[in-house]
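Engineer: Pasting in a structure now, in structure tokens, and then I'll have a few things to ask.
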Amino acid sequence: MTSDLAAPEEPARSPASIRLAGVFAVIFLLGCAGLVPVVWQAIRDYRVAKVYVESEAEIIEFIPITTGYDTRPGKRIERSTRPSYVFRFATKEGQTISTRGYDAYGGREAPPSEWNHLSAGDRVPCWYDPAAPRKAVLSRRFNPHFYWLLAWPLGVMGFSGLLLRECFRRAIPPSLKGIEKGRRLAWRLPVAASQRAMTGCLGGFMVVCALLTTGFTLAALDYKDVVEKYRWISSVLGFNMNGWYWVAFFAALTTLVFIWAFLVNLRWIALPEPVVEVNATKLRPGDSTELYVRQEGPLKALSYTVSLICEINGIPGKPPARKVVLSERPNLRVGNGRDGEAAEFSIEMKMPKDARRTCKSVPMKKSGQTIGNSADLVSWFIRIERQVTSKTVLQSDYEILVGSEAA
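Counting with our numbering, you get residues 65 to 471 for the letters of the sequence shown.
The following block contains the structure:
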């Protein structure tokens with residue numbers, strides 16, 4: 065065993081990276097495909113607002129577009145109607161054009177108060193595309209709710225970005241890149257997961273949910289015409305006037321949950337994180353090393369536990385993963401309410417002889433071969449748990465590396 069920071073060996077390019085890159089490409093392209101109709105609609109909205117030329121149209125016929133679905137036997141059939149008119153107009157060049165339509169959205173979400181007074185023979189303003197006059201509309205209404213669909217392709221593309229990140233992950237955990245020289249022992253470990261990080265994430269989710277709730281509420285208040293008959297699926301997707309109220313309601317509930325969790329965690333954000341130092345950052349099965357822990361105050365903990373954690377595929381404690389308690393101190397009091405005081409203690413830590421090596425990428429199975437232990441993602445942590453109340457345990461993780469057994 066050595067106390068120096070051993071540089072981890074650069075792993076060869078794994079076939080799993082190639083496989084993940086292919087999955088990333090497929091999912092990313094699916095996200096791009098989902099963007100196409102939204103971008104196409106955005107281009108048409110822009111042309112309707114800025115490029116289309118105004119003219120006067122004569123309405124020839126009203127041909128409504130009716131959709132619906134059958135409910136359970138004995139129940140009524142739900143129907144919804146979208147406007148569609150056959151009309152003709154003259155271009156600036158004197159050409160007479162006959163076409164059919166209503167707006168750039170095919171009449172979806174068009175309020176009845178806007179179109180139910182129109183009838184055959186009426187002369188109303190219209191707008192047409194000078195490059196393709198048959199693309200004409202009777203209303204230049206802009207529907208911002210359509211663009212909530214952007215969340216689907218962007219979410220898919222964001223998920224594919226996580227796969228791309230996995231493709232370029234190296235064997236060394238990202239949390240160890242910020243390692244620095246220790247004051248008591250050789251190396252000071254950076255915290256990989258902490259109470260402050262969790263509080264920050266909850267605060268970010270809280271802000272995002274609050275913004276979405278505001279948008280959904282404005283969308284619900286924007287509707288002034290009540291539609292009693294509508295398809296349930298369309299209300300969920302936002303293509304119906306009544307559906308936005310339910311979306312806003314559940315978004316508000318989600319926001320309240322995040323606000324509650326944020327306020328609960330905010331109470332402990334000022335508590336200093338423990339300082340953890342070790343003599344070696346890359347250990348082998350059976351190796352021993354000294355562990356130094358320093359906890360600054362003020363802190364009143366019902367129990368203070370230092371453990372060695374092995375997570376396999378992100379699941380801690382479930383065999384063959386394990387949790388080994390290195391030290392447990394009940395009723396730890398630090399500082400008596402005064403800053404600057406600290407509790408310090410050293411622990412002798414020994415790795416289990418059957419400890420599995422740290423693995424950050426999974427190789428792809430080749431023909432004629434079997435995958436052994438390397439088929440699992442394995443991570444090792446020094447975990448410090450501070451039980452500050454009967455129901456609240458603050459947790460901080462410090463990642464270490466476990467290498468292969470020496471030959």
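Here a beta-carbon is modelled for each residue, glycine too, at the ideal position from N, C-alpha and C.
Please name the residue, chosen from 163, 172, 360 and 182, that lies closest to residue 191 on a Cα-to-Cα basis.
Structural biologist: 163
Engineer: Grab me the residues of residue 183's own chain with a C-beta within less than 8 Å of its C-beta, minus the 5 sequence neighbours each way, in chain order.
Structural biologist: The residues are 123 and 126.
Engineer: Alpha carbon to alpha carbon, how far is residue 208 from residue 199?
Structural biologist: 21 Å
Engineer: How long is the line joining the alpha carbons of residue 336 and residue 369, rounded to whole angstroms?
Structural biologist: 16 Å
Engineer: Skipping 5 residues on each side, what residues in its chain have a beta carbon closer than 8 Å to that of residue 108?
Structural biologist: 168
Engineer: Would you call the segment 264–274 and the segment 320–339 touching, i.e. three or more CB-CB distances under 8 Å?
Structural biologist: yes
Engineer: At which residues does the alpha helix (DSSP H) containing residue 179 begin and terminate?
Structural biologist: Residues 176–179.
Engineer: Applying the criterion that 16 or more other CB atoms from any shown protein chain within 10 Å of the CB defines a buried residue, is residue 436 buried or exposed?
Structural biologist: Low confidence applies here, because residue 436 scores a pLDDT of 47, under 50, leaving its location unreliable and the question unanswered by this model.
Engineer: Using a threshold of 8 Å, state whether the C-beta atoms of residue 367 and residue 408 are closer than that.
Structural biologist: The criterion of a C-beta distance shorter than 8 Å is not satisfied by residue 367 and residue 408.
Engineer: Using the Cα positions of residue 115 and residue 196, report the straight-line distance between them to the nearest angstrom.
Structural biologist: Cα-Cα distance, rounded: 11 Å.
Engineer: Could you compute how far the alpha carbon of residue 160 sits from the alpha carbon of residue 221?
Structural biologist: 46 Å
Engineer: Roughly how many angstroms separate the alpha carbons of residue 452 and residue 101, rounded to a whole number?
Structural biologist: 52 Å
Engineer: Using 10 angstroms around the beta-carbon of residue 351, count the other beta-carbons present and answer buried if the total reaches 16, otherwise exposed.
Structural biologist: buried
Engineer: Taking only three categories from DSSP, how would you classify residue 281?
Structural biologist: helix
Engineer: May I ask you to report which of helix, strand or coil DSSP gives residue 443?
Structural biologist: strand
Engineer: Which residues in the same chain have their Cβ closer than 7 Å to the Cβ of residue 316, if we skip the five residues on either side of it in sequence?
Structural biologist: 277
Engineer: Could you pull out every unbroken alpha helix (DSSP H) segment of at least 4 residues lying fully inside the segment 304–337, listed in chain order?
Structural biologist: Every alpha helix (DSSP H) of 4 residues or more that sits fully in the segment 304–337 is shown, in chain order, as 307–330.
Engineer: Could you tell me the boundaries of the beta strand (DSSP E) in which residue 190 lies?
Structural biologist: 187–193
Engineer: With 16 as the cutoff for other CB atoms within 10 Å, does residue 455 come out buried or exposed?
Structural biologist: exposed
Engineer: In whole angstroms, give me the CA-to-CA distance for residue 292 and residue 264.
Structural biologist: Unreliable positioning characterises residue 292 in this predicted model, as indicated by a pLDDT of 44, which lies under 50. The coordinate reading is nonetheless provided below. Approximately 43 Å, taken between the alpha carbons.
Engineer: Find the nearest neighbour of residue 217 within the set 98, 309, 360 and 343, judged by alpha-carbon distance.
Structural biologist: 98
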